[in-house]
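Protein sequence lines correspond, in order, to chains A and B. Under UniProt numbering, the residue at position 122 of the first sequence is numbered 122, and the numbers go up by one with no gaps. Under UniProt numbering, the residue at position 206 of the second sequence is numbered 206, and the numbers go up by one with no gaps. Cβ coordinates follow ideal geometry from the N, Cα and C atoms, glycine included. As the structure is a prediction and not an experimental result, all values here were calculated from the model. Following: one structure in structure tokens, then a few remarks.
Number of protein chains: 2
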Amino acid sequence: MRYKVMVIDDEPQIHTFIRISLAAEGFDYLGAGTLAEANEHLAHFQPHVIILDLGLPDGDGLSFLTQLRQTHKTPVLVLTARDQEDEKIRLLEAGANDYLSKPFTIRELIVRIKVLIRDLVSLEPVDDRVCFGALAMRTSTHQFWVSGEEVVLTKKEFAFLKMLLDRPGQLVEQSVLLREVWGQTHVEDTHYLRVLVSQLRKKLNDNADEQRVIKTEPGIGYRLV
Amino acid sequence: MRYKVMVIDDEPQIHTFIRISLAAEGFDYLGAGTLAEANEHLAHFQPHVIILDLGLPDGDGLSFLTQLRQTHKTPVLVLTARDQEDEKIRLLEAGANDYLSKPFTIRELIVRIKVLIRDLVSLEPVDDRVCFGALAMRTSTHQFWVSGEEVVLTKKEFAFLKMLLDRPGQLVEQSVLLREVWGQTHVEDTHYLRVLVSQLRKKLNDNADEQRVIKTEPGIGYRLV
DNA sequence: ACTTCGCGTAAAAAAAGCGTAAAAATCCCT
DNA sequence: AGGGATTTTTACGCTTTTTTTACGCGAAGT
């Protein structure tokens, strides 16, 4: 199992340092120079750990973190130039899992990454099957079942249902679904959701009146019941 | 749920500081001055988190940690006087989950304890149900109940009731409600409130004269009773 | 006693939101 | 490069929600 570490920083030097050290430890490296790029990588490669440097050109690290935590629990280690206590506390409370202020040694960074993987990543279940009522899903093989019958889903359909199944019974907001499935640029295109849900319900035979599995909360989002 | 934090240190001053701060956060404090004492507590009280200062009179912290990890996975935060990198790395690799070198502020210690609890101890999902009298509401699923019966609410109705339920029994001003539910542009459209409350009372059967749950404070706002 | 103010209610009008179908564009294979 | 599957766009009917409007009532003030 190779773990993927995403590094978000705008200094190429830092990237070089970290990349070499990560490789030496057997980790895969994913580089991002901007938050936009980071969001791209997040959707495509699903990193196991994120190293986030503050003070990026295209946005504020704290709000990136807050937004990330709405959908992901990926461990985040924050790097910062200033050693300011208030900031430290705000970030940790917003969901950061560790914090390192410059200057730091690369050795310490690597050890802390390894601690995050040891404590938070490697204990996740190996069998990634998720169930809810008559629905079942396995991410690793991209399979989906309704009452034991396999149903073939498209990429978007799968991503949508995964969002709901990862939060069984909970309401997931439209904007969250749109951002996760279609990307930041389509957070307001709610008609995508309507078309997809309609299609999905046809596939799942989920039109038995008033007892739908995918429940619409008008104006807010969807949830499973 | 009260979390138990064990502090292992031989300086009484540190104990005092930490004990007071832990109490303020709602955590239970367990003090140990020696490793022998720590082992006692461990067996009897099963703490959720351990704060371990190095350089204790009766033994070496590293071997304590190594031994602990053979049987327990209780999160450990290590405190140390020296900021020596080799030691840091050795400890983290031996199973410590976080590390803080002196001098540190008590605030940072507390925040890091809270992070350990959040990330490693309290993995159970939180139930965000809020109750007041016969009313109950769960934000995460957007559900609402009156005397156990679910009542379906619209977006505005839900937002309005959430404002009142978040401040149980307290008076909430009209302008506050309007700003929160309808936005800054409608802070003076008090007729919105009247229409919505009327409709809401119908839904909640809240017209039993003079004993309404949603109480009007004429000219000021609303509150729950 | 009359006016004024704010509240509650009802009903109509407007807006927003949903589900569906089908066409157009795009993607992704071989 | 072709062709089927997928995604995006577009349009429309329909329901629900929100906003507007109107009116009656009672309390407080003049």
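Query                                                                                                                                                                                            : Result
Using the rule of at least 16 other Cβ atoms within 10 Å of the residue's Cβ for burial, across every protein chain shown, is A/ASP9 buried or exposed?                                          : buried
Alpha carbon to alpha carbon, how far is residue 226 of chain B from B/GLU217?                                                                                                                   : As shown, chain B starts at 1 and ends at 225. That puts residue 226 of chain B outside it, with no answer to give.
Which residue comes first and which comes last in the beta strand (DSSP E) that contains B/ILE220?                                                                                               : No beta strand (DSSP E) holds B/ILE220; DSSP gives it neither H nor E.
Round the Cβ separation of B/GLY95 and B/ARG112 to the nearest angstrom and send it over; I've been treating them as touching at under 8 Å.                                                      : That pair is no contact at about 16 Å.
Quick one: is A/LYS102 near chain B, going by C-beta distance under 8 Å?                                                                                                                         : no
Is the Cβ of B/GLY179 closer than 8 Å to any Cβ of chain A?                                                                                                                                      : Note on residue identity: the sequence assigns Arg, not Gly, to residue 179 of chain B. Not closer than 8 Å to any Cβ of chain A, the Cβ of B/ARG179 fails to qualify, so no.
Report buried or exposed for B/GLN143, applying the criterion of at least 16 other Cβ atoms within 10 angstroms of its Cβ.                                                                       : buried
Are A/ASP128 and A/LEU116 touching if we call contact CB-CB under 8 Å?                                                                                                                           : no
Rounded to whole angstroms, what is the Cα-Cα separation between B/LEU30 and B/ASP86?                                                                                                            : 29 Å
Does any residue of chain B have a CB that is nearer than 8 Å to the CB of A/LEU171?                                                                                                             : yes
Taking the alpha-carbon of A/VAL151 as reference, which of A/THR71, A/LYS202, A/PRO12 and A/LEU171 has the nearest alpha-carbon?                                                                 : A/LYS202
Could you give the first and the last residue of the continuous beta strand (DSSP E) run that contains A/ILE117?                                                                                 : Run containing A/ILE117: none; DSSP gives neither H nor E here.
For the stretch 154–165 of chain B, enumerate the residues whose C-beta is nearer than 8 Å to any C-beta of chain A, in chain order.                                                             : THR154 and LYS155
Counting only Cβ pairs nearer than 8 Å, list the residues of chain B close to A/ARG107.                                                                                                          : GLU85 and ILE89
By how many angstroms is the C-alpha of A/ALA81 removed from the C-alpha of B/LEU77?                                                                                                             : 24 Å
Beta-carbon of B/LEU54 versus every beta-carbon of chain A: anything under 8 Å?                                                                                                                  : no
To test your reading of the DSSP string, which unbroken beta strand (DSSP E) runs of 3 or more residues are found completely within the UniProt domain "Response regulatory" (4–117) of chain A? : 4–8, 28–32, 49–53, 76–80 and 98–101
Along chain B, in chain order, which residues have C-beta atoms closer than 7 Å to that of A/ASP119?                                                                                             : ASN97 and LEU120
Hey, out of A/ILE214, A/PRO47, A/ARG223 and A/LEU65, whose CA is closest to A/VAL121's CA?                                                                                                       : A/PRO47
So with CB distances below 8 Å, who are the chain A contacts of B/THR141?                                                                                                                        : GLY169, GLN170, LEU171 and ARG223
Using a Cβ-Cβ distance cut-off of 8 Å, determine whether A/GLY219 contacts chain B.                                                                                                              : yes
Which term fits B/GLY73, buried or exposed, when burial requires 16 or more other beta carbons within 10 angstroms of its beta carbon?                                                           : Per the sequence shown, the amino acid found at residue 73 of chain B is Lys instead of Gly. By the neighbour-count rule (16 or more Cβ atoms within 10 Å), B/LYS73 is not buried but exposed.
Would you call the CB atoms of A/VAL146 and A/LEU153 closer than 8 Å?                                                                                                                            : no
Using only CA atoms, which one of A/GLN84, A/ALA43 and A/TYR3 lies nearest to A/ALA159?                                                                                                          : A/ALA43
At the 8 Å Cβ level, is B/VAL151 part of the contact set with chain A, yes or no?                                                                                                                : no
Once you ignore the five residues that flank B/LEU79 on each side, which residues in its own chain have a CB closer than 6 Å to its CB?                                                          : ASP53 and LEU100
Under a Cβ-count criterion, where at least 16 other Cβ atoms within 10 Å of its own Cβ denotes burial, should B/GLU149 be classed as buried or exposed?                                          : exposed
First and last residue of the beta strand (DSSP E) that includes A/GLN211?                                                                                                                       : Run containing A/GLN211: none; DSSP gives neither H nor E here.
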